[in-house]
Amino acid sequence: MADVTNHATTPLVVVRSVIFSLAFYLTTAVFLLAGSWLLLAPRRWAMAGLALHGKTCVALLALICGTRMEVRGAQNIPKSACLIVSKHQSAWETFALIPLFRDPAVVLKDELKWIPFYGWFCVKFEHILVKREKASVALKHMIADAKARVVEQREIVIFPEGTRTVPGAPPDYKPGYVALYEALEIPAVPLALNSGLYWPRRSFMRYPGTIIVECLPALPARLPRAEFRRRLEASLEQSCSELIAEAASSDSPPPIPTQANKDHKNK
């Protein structure tokens, strides 16, 4: 992420970023420790605590760094079980997206459950923890767990590229999200965002501006596999490109990754 243009770093931005990082980790630690009793409480209480943590951190980010959040298309999220297929550009999504949904179950790597408190809460929230070492077995377990969450009318949230990607980088969608869509037979909502511009991966910098989350129109259940994949990936990539271009054209743009900047200029 170091290869960027329109560099917006100033001493004030650096100071605010440091202050926010301290506030963020302190707040998270307080929530985990003070809320540890929720490990023995009903799951819905723990989920309410998770949503409160997300709202608190979003508010702190706006207050300290001037990094706000705007949600577009929230009406496209069904009121029943659905599959949320989201781009993943930074750690921001791991807390900020939670309050957008009624009762999300996030697909995460299984090894996270061994992290004290954080991992215990992942189990408490009944997220979908996937072991990566045996792909076929892991896929079967992921689908079985997801079906159990769908019975409870929860949203299934998956990051189809499996890891954080630089905004504008060539997409690398893994097939797991398609397998989930086919098995669950529920609508799928593509979720585009530009968080990586303001909260870049592998960096403590937090840039002022507006992180936009765009919930695109849901794709109906039971589309043919090839059509579903084509429509979802095309809509996600197009929307993310537009969000990057919107940020780049703002009065005070954040640093724009070189690849995204080239794409923007070529349009």
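Numbering (my numbering), first residue to last: -8 to 258.
Cβ coordinates follow ideal geometry from the N, Cα and C atoms, glycine included.
Only a predicted model underlies this, so the values are computations on that prediction, with no experimental measurement involved.
Express the C-alpha separation of F108 and S27 in angstroms, rounding to a whole number. 7 Å
Using CA atoms only, rank isn't needed, just tell me which of R192, I235, R213 and S243 is closest to Q80. Comparing Cα positions, the closest option is R192.
Rounded to a whole number of angstroms, what is the C-alpha to C-alpha distance between A251 and T201? One alpha carbon belongs to A251, the other to T201, and they sit about 17 Å apart.
Could you give the DSSP three-state label for K258: helix, strand or coil? Interpretation of K258 is limited by its pLDDT of 48, a score under 50 that renders its predicted location unreliable; the figure taken from the coordinates is listed afterwards. Of the three classes helix, strand and coil, the one that applies to K258 here is coil, per DSSP.
Let me know if V128 comes out buried or exposed under the rule of 16 or more other beta-carbons within 10 Å of its beta-carbon. Sixteen is the threshold: since fewer than 16 other Cβ atoms of the shown chains lie within 10 Å of the Cβ of V128, the residue is exposed.
Distance CB(P178)-CB(A209) smaller than 8 Å: yes
Compute the Euclidean distance between the alpha carbons of Q144 and L3, then round it to the nearest angstrom. 45 Å
Within the same chain, show all residues whose beta-carbon is closer than 7 Å to that of M(-8), passing over the 5 residues directly before and after it, in chain order. The predicted position of M(-8) is uncertain, since its pLDDT is 36 and thus under 50; a value taken from the coordinates is nonetheless stated next. Same-chain partners within the cutoff: V157, P191, R192, R193, S194 and P248.
In three-state terms, what does DSSP make of D(-6)? Below a pLDDT of 50, predicted positions are generally treated as unreliable, and D(-6), at 41, falls in that range; no measurement from the model is reported.
Would DSSP call G64 helix, strand or coil? coil
Excluding the 5 residues flanking C113 on each side, which residues of the same chain have their C-beta closer than 7 Å to its C-beta? L99, L103, K104 and L120
Could you pull the start and end residues of the beta strand (DSSP E) that L74 belongs to? C73 to S77
Taking 8 Å as the cut-off, does the region 49 to 65 touch the region 158 to 177 (at least 3 CB pairs, one atom from each stretch)? no
Euclidean distance between Cα positions of E34 and S240: As written in the sequence, residue 34 is Arg, which differs from the Glu given in the question. Take the alpha-carbon of R34 and the one of S240: they are about 43 Å apart.
To the nearest angstrom, how far is the alpha carbon of D(-6) from that of P246? Any reading at D(-6) is ruled out, since the residue's pLDDT is 41, under 50, leaving its predicted position unreliable.
Just grab the DSSP bridge partners of G200 for me. T58
Rounded straight-line distance, which links the Cα of S186 to that of E84: 8 Å
Can you give the Cα-Cα distance for A42 and P90, rounded to whole angstroms? A direct Cα-to-Cα measurement between A42 and P90 gives close to 5 Å.
What are the partner residues of K100, as DSSP defines its beta bridges? V121
So what does DSSP say about I134, is it helix, strand or coil? helix
When the distance is taken between beta carbons, is R63 closer than 8 Å to I235? no
Just to confirm the assignment, what range does the alpha helix (DSSP H) spanning V259 have? Given that the chain is displayed from residue -8 to residue 258, the structure contains no residue 259 and the question cannot be resolved.
In the DSSP output, what is C206 paired with across the bridge? L182.
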